[in-house]
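With the first letter of the sequence shown counted as 1, position 43 gets the number 43 in this note's numbering; the numbers rise by one all the way through. Don't be surprised by glycine CBs; every beta carbon is placed ideally from N, CA and C. Reading through the structure tokens given below for one structure.
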Amino acid sequence: AALVAQRRFLADAAHELRTPIARARGAGELALSLPAGADDRDALERTQRELEVMSRLVDELLELARSDA
């Protein structure tokens, strides 16, 4: 039962993280499409790269939860 609960939590957590990450990525893409200073652009690009890493991790968590099911 504990293993089932753990798998369910993993799947739920990964699913719930997808939406805010997608929103943040969209906001970053929009910000990058607008004129910005070099420092702002660099910060936005770093943020986008980190969000991409987070997105891949969440996708991997979901895949893991699905494969365990």
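Whole-angstrom distance between residue j and residue i, CA atom to CA atom
i, j, result
"R7", "R66", "9 Å"
"Q48", "S55", "10 Å"
"R23", "L3", "31 Å"
"L10", "L44", "29 Å"
"V53", "H15", "16 Å"
"R46", "A31", "13 Å"
"R41", "G26", "15 Å"
"E63", "D12", "12 Å"
"L61", "A1", "20 Å"
"P35", "A5", "47 Å"
Buried/exposed call for residue i, threshold 16 Cβ in 10 Å
i, result
"L51", "buried"
"G28", "buried"
Cβ of residue i within 8 Å of any chain C Cβ
i, result
"E16", "No chain C is present in this structure, which holds just one protein chain."
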